[in-house]
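To keep things clear, I will list the structure first and then write my remarks on it.
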Amino acid sequence: MSEKVKNPKVSVVIPVYNVEKYLGECLDSILGQDYRDFEVILVDNNSTDKSYEICEKYARENPGVVRVYRCEKWGAAAVRNFGVEQASGEYLWFIDSDDYIVPGAMRKLVTVAEESGADAAVMAVRRVYEDGHEDILTAVDTSKEGWQSRYVRYGLAPFQNLYRREFWTWHLEFPEGMIHEDMAILSAVVLYTEKIAFVEEPLYVYRQREGSVLHQGGWNPRSLDIFKALGILYGKFDEAGELEKYRDELEYFFVWNLLIDSAKDFHGHPEGKAGQEQTRAMLKKLFPKWYRNRFLRQKPLKFRVNCWRGYWGLLK
148 MSEKVKNPKV SVVIPVYNVE KYLGECLDSI LGQDYRDFEV ILVDNNSTDK
198 SYEICEKYAR ENPGVVRVYR CEKWGAAAVR NFGVEQASGE YLWFIDSDDY
248 IVPGAMRKLV TVAEESGADA AVMAVRRVYE DGHEDILTAV DTSKEGWQSR
298 YVRYGLAPFQ NLYRREFWTW HLEFPEGMIH EDMAILSAVV LYTEKIAFVE
348 EPLYVYRQRE GSVLHQGGWN PRSLDIFKAL GILYGKFDEA GELEKYRDEL
398 EYFFVWNLLI DSAKDFHGHP EGKAGQEQTR AMLKKLFPKW YRNRFLRQKP
448 LKFRVNCWRG YWGLLK
């Protein structure tokens, strides 16, 4: 393990698991930035391919910048939490090891965050699919009035924000032992700050691949973790006394993730029947009139029909 960077501006935390095909591109995109005031914390989670050896190689070649650890606890949440404990930067950036960032991304994010004094800086993301097509995942424009509503409704991936480390460690931690861990906390960021900066450009490239934890094909029993994650998120708004203020936003977030996104995972698998039943039970308990949601009513008829199909386990 190499010596730590002294008081770096940014700590880049990267969970690593069986990504030998992509890891080099990820690290090269970070180490090739024109902004140099950062450290890279690589945390391997029991990889069985050559990922750990690649991590060690980059640490040897970049002493004082790249550090490598092993975390035997299962899952990205535990790995990210461990990485945060090792971090010493003023800001945190969670980057996935099969993704990469564009030239100038680090400087742009830090500049925007510092000039605004924000607790986080949110950016757009370019998604790249295995068949070659691409699209843009837009950022929430925090300069517009009512941006908190959209932030809660759509949620954000961990990599889509640069966070001030002190803000993160004071308010947030990934719940461990589950997937969908980001869903459990990131929409709740609006409960803790009004200061989030906005970067319109897509500075991060998100690779959509079948081998990832959320895109494995076949039945993944961990898909049922979504109910635990959504329960945690609901509890955060309830504890903060903000449940009524954001009820419509949370309701829409639940509808999208349960009736559209996760319904696809549940459909076509005998084991998924439990997920369909839990979906109906959760919505009946928390949002019994979800179909009247004001944001849902603004969607096209086909989308609303698909929500009903997802509710009854018919969405393909």
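Residue numbers (our numbering): 148 to 463.
The beta-carbon is built from N, C-alpha and C at its ideal position, and this holds for glycine as well.
Under a three-way DSSP split, which group does residue i fall into?
{"i": "Ile332", "result": "coil"}
{"i": "Tyr247", "result": "strand"}
{"i": "Tyr216", "result": "strand"}
{"i": "Ala260", "result": "helix"}
{"i": "Val166", "result": "coil"}
{"i": "Ala234", "result": "coil"}
{"i": "Leu448", "result": "helix"}
{"i": "Asn453", "result": "helix"}
{"i": "Trp459", "result": "coil"}
{"i": "Arg441", "result": "coil"}
{"i": "Cys202", "result": "helix"}
{"i": "His327", "result": "coil"}
{"i": "Asn228", "result": "helix"}
{"i": "His362", "result": "For His362, the pLDDT reaches just 46, beneath the cut-off of 50, and the residue's location in the model is therefore unreliable, leaving the point undetermined."}
Considering only DSSP beta bridges, list what residue i is partnered with.
{"i": "Trp464", "result": "Lying before the first or after the last residue shown, residue 464 is absent from the chain, which here runs from 148 to 463."}
{"i": "Tyr351", "result": "Ile248 and Val272"}
{"i": "Leu284", "result": "Val272"}
{"i": "Ile343", "result": "Ala267"}
For residue i, count neighbouring Cβ atoms within 10 angstroms of its own Cβ and tell me buried if that reaches 16, exposed if not.
{"i": "Pro162", "result": "buried"}
{"i": "Gln295", "result": "buried"}
{"i": "His280", "result": "exposed"}
{"i": "Tyr276", "result": "exposed"}
{"i": "Asp245", "result": "buried"}
{"i": "Ala267", "result": "buried"}
{"i": "Ile283", "result": "exposed"}
{"i": "Arg444", "result": "exposed"}
Between the Cα of residue i and the Cα atoms of the options, which residue gives the shortest distance?
{"i": "Ser290", "options": "Leu284, Asp245 and Ile343", "result": "Ile343"}
{"i": "Leu333", "options": "Tyr310, Phe314, Leu350 and Gly302", "result": "Gly302"}
{"i": "Ile201", "options": "Ala224, Tyr169 and Val346", "result": "Tyr169"}
{"i": "Arg464", "options": "Leu406, Gly460, Glu418 and Pro435", "result": "Nothing about residue 464 can be reported from this structure: the residues present for the chain run from 148 to 463 only."}
{"i": "Ala376", "options": "Trp366, Phe345, Ala335 and Gly415", "result": "Ala335"}
{"i": "Asp412", "options": "Glu277, Asn165, Ser370 and Val272", "result": "Ser370"}
{"i": "Arg356", "options": "Val166, Ser158 and Val160", "result": "Val166"}
{"i": "Asp181", "options": "Val249, Ala234 and Thr340", "result": "Val249"}
{"i": "Val187", "options": "Asp196, Ala224, Asp243 and Glu219", "result": "Asp243"}
{"i": "Arg441", "options": "Thr426, Val402, Gly460 and Ala225", "result": "Val402"}
What residue does the alpha helix (DSSP H) around residue i start on, and which one ends it?
{"i": "Asp372", "result": "Asp372 to Glu386"}
{"i": "Gln295", "result": "Trp294 to Tyr301"}
{"i": "Met429", "result": "Lys420 to Leu433"}
{"i": "Val402", "result": "Arg394 to Val402"}
{"i": "Ser409", "result": "Ser409 to Phe413"}
Does the ligand GDP have even one heavy atom less than 7 Å from the beta-carbon of residue i?
{"i": "Tyr438", "result": "This structure lacks the ligand GDP; in fact it carries no ligand of any kind."}
Output the boundary residues of the beta strand (DSSP E) element that contains residue i.
{"i": "Phe185", "result": "Phe185 to Asp191"}
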